[in-house]
Amino acid sequence: MKKITAVLIGAGMRGREAYAPYTLDSHSEMKIIAVAEPIEERRKIFCELYGIPDSMSFKTWEDLLAQPKLADVAMICNQDKDHFAPTMLALEKGYHVLLEKPMSNKPDECVQMVRQAEKYGRILTICHVLRYTPFFTNIKKLLEDGVIGDIVTIEHSENVAYWHQAHSYVRGNWRNTAQSSPMILAKSCHDLDIICWLVDKKCRKVSSFGSLKHFRKENAPEGAPERCLDGCPHKNTCPYYAPKIYVDWNGNWQADILKKVVSQDTSREALIKALREGPYGRCVYHCDNDVVDHQVVIMEFENDITASFTMCAFTYENTRKIRVLGTKGELWGDMDKNYIEYVDFLKGDRITIKLNQSEQGHGGGDYGIIRDFIQCIKENTDSRTSAKKSLQSHLMAFAAEESRLNNKVVDMDLYLEAFGK
Ligand SMILES: NC(=O)c1ccc[n+]([C@@H]2O[C@H](COP(=O)([O-])OP(=O)(O)OC[C@H]3O[C@@H](n4cnc5c(N)ncnc54)[C@H](O)[C@@H]3O)[C@@H](O)[C@H]2O)c1
62 MKKITAVLIG
72 AGMRGREAYA
82 PYTLDSHSEM
92 KIIAVAEPIE
102 ERRKIFCELY
112 GIPDSMSFKT
122 WEDLLAQPKL
132 ADVAMICNQD
142 KDHFAPTMLA
152 LEKGYHVLLE
162 KPMSNKPDEC
172 VQMVRQAEKY
182 GRILTICHVL
192 RYTPFFTNIK
202 KLLEDGVIGD
212 IVTIEHSENV
222 AYWHQAHSYV
232 RGNWRNTAQS
242 SPMILAKSCH
252 DLDIICWLVD
262 KKCRKVSSFG
272 SLKHFRKENA
282 PEGAPERCLD
292 GCPHKNTCPY
302 YAPKIYVDWN
312 GNWQADILKK
322 VVSQDTSREA
332 LIKALREGPY
342 GRCVYHCDND
352 VVDHQVVIME
362 FENDITASFT
372 MCAFTYENTR
382 KIRVLGTKGE
392 LWGDMDKNYI
402 EYVDFLKGDR
412 ITIKLNQSEQ
422 GHGGGDYGII
432 RDFIQCIKEN
442 TDSRTSAKKS
452 LQSHLMAFAA
462 EESRLNNKVV
472 DMDLYLEAFG
482 K
């Protein structure tokens, strides 16, 4: 069968590491035939690995999309605030689009993208990869099978992990709202999306609290320099000391990914140089970050269902945990520990489901979404995470931020009216 062809916009961590490798498998039904990436070294390495000729290698998405339509699909994996323009143009040019989350850092742009996909009759799928993990697909199935009766409330938490917060949300790409997105959108649109998917009802009200409590200049220990490697006197007592996270930490996939973000060359010397010069060597108390380090959101859905969500930086584990309370039972699970348990009130037995989660990114979700996307193109059907389906949770994230900043409960009907929804 003829392979589906794709262009990749942004050969960064997600484009290069999460989705593209799937297409290298000989059984893959998709082939990447062009790339747009401004960083020359990244572009060259990518072209070599994927056999892309010079004529199909572009510096920017603007250059790539200025060509006549090159392929069936555009995978758009550049940064949050730059998703809108290439997505709108790619849809107009007739590409089906696989777009990284969040759709955009502006609510009205999210709405416009949904309309654009409808206007041009194209598939626009958002990378809410958690919906494709064995963990959440099993929970969804159990709830649909009614093992705990009707859902009454959900308690969901995202345990970000202290090192992950420091990496992405203090020193890294998503540290500053104006330059990227608020944390509830950048990180937790996944979680709000999962809650919406499990509840499967319209959200009526959203309220939120949270702040940047810790990673602030006034919390710097005495004498902490701007950069860890400038002789920080706290190197043995600070959990955020950069060389500890990026050089000394070894032996698992998360440590490997962190190193690759800091430097393409992951030798000790190259990493130390990058920490001396680049953003990841900065003291966590001396960065230009402003996104929250903890936030809670409470939600009310139709059918009197409630949900609460807690995102917190200050955890040792990097996992998501969920508890769903129903009229006839209770279900809970830990994504990183690969288990789901539930109890039926009448029977009283605790049923444990041990999952065989894939080693691939996001517990198998990264490859799961591509497989589903390919299937949707072949069958011309809507995907599990179409832009239309993802819009509610995105707008809930914007509403939560409005609630947090303005100290109010947001009525979702009134909020949606503002966008003509
Ligand atoms: N689905 C998920 O679970 C998940 C996880 C992490 C990040 N993300 C999202 O994925 C997106 C990318 O994140 P990342 O970690 O790969 O970031 P990244 O910075 O590593 O990659 C983005 C790439 O886009 C390139 N780029 C910049 N301008 C461009 C242009 N004009 N044309 C083409 N490419 C351009 C950059 O050079 C970079 O290589 C972000 O929106 C992020 O929020 C999603």
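Per the numbering used here, the very first residue in the sequence shown carries number 62; after that it's consecutive. The beta carbon of each residue, even a glycine, is placed where N, CA and C say it ideally should be. As the structure is a prediction and not an experimental result, all values here were calculated from the model.
- A distance below 6 Å between beta-carbons, with the five flanking residues on each side excluded, links N417 to no residue of its chain.
- In terms of Cβ geometry, V175 and M372 do not form a close pair [threshold 8 Å].
- Listed as beta-bridge partners of Q356 by DSSP are G271 and M372.
- A residue is called buried when at least 16 other Cβ atoms come within 10 angstroms of its Cβ; T442 does not meet this threshold and is exposed.
- Cβ atoms of L131 and F434 stay farther apart than 8 Å, at about 18 Å.
- With respect to the 8 Å criterion, L273 and V352 are classified as neighbours on the basis of their beta carbons.
- Relative to the non-hydrogen atoms of ligand 1, the Cβ of R75 comes within a distance shorter than 7 Å of at least one.
- For the alpha helix (DSSP H) assignment, the uninterrupted runs of no fewer than 4 residues enclosed by the stretch 114-149 are, from N- to C-terminal side, 122-126.
- By the neighbour-count definition (other C-beta atoms within 10 Å, threshold 16), W314 is an exposed residue.
- It is roughly 37 Å from the alpha-carbon of T186 to the alpha-carbon of R411.
- Per DSSP, the continuous alpha helix (DSSP H) segment holding V175 begins and ends at P168 to Y181.
- Relative to the Cα of C138, the nearest Cα in the group N364, T121, D309 and A127 belongs to T121.
- Looking at L386, L253 and V96, the one whose alpha-carbon comes closest to that of S116 is V96.
- Residue side-chain check: P82 keeps its Cβ at 7 Å or more from all non-hydrogen atoms of ligand 1.
- A distance below 7 Å between beta-carbons, with the five flanking residues on each side excluded, links K154 to the following residues of its chain, in chain order: L126 and K130.
- Here DSSP, grouped into helix, strand and coil, assigns L416 to coil.
- When DSSP states are grouped into helix, strand and coil, T84 belongs to the helix group.
- Its Cα nearest to that of R265, the residue D365 stands out among L336, H355, N379 and D365.
- Taking C-beta separations shorter than 8 Å and ignoring five residues to either side along the sequence, the partners of D474 in its chain run R265, following chain order.
- At a Cβ-Cβ threshold of 8 Å, M360 and V231 do not count as neighbours.
- Between the stretch 63-77 and the stretch 132-152 there are three or more inter-stretch CB-CB distances shorter than 8 Å, so the stretches are counted as touching.
- A distance below 6 Å between beta-carbons, with the five flanking residues on each side excluded, links E170 to the following residues of its chain, in chain order: F145.
- The residues H295, in chain order, have a CB closer than 6 Å to that of P282 in the same chain once the five nearest residues on each side in sequence are set aside.
- In the displayed model, N280 falls within a helix according to three-state DSSP.
- Rounded to whole angstroms, the Cβ separation of K321 and L259 is 33 Å, and the two are not in contact under 8 Å.
- R236 has its CB no nearer than 7 Å to any heavy atom of ligand 1.
- For C344, the secondary structure class from DSSP, reduced to helix, strand or coil, is coil.
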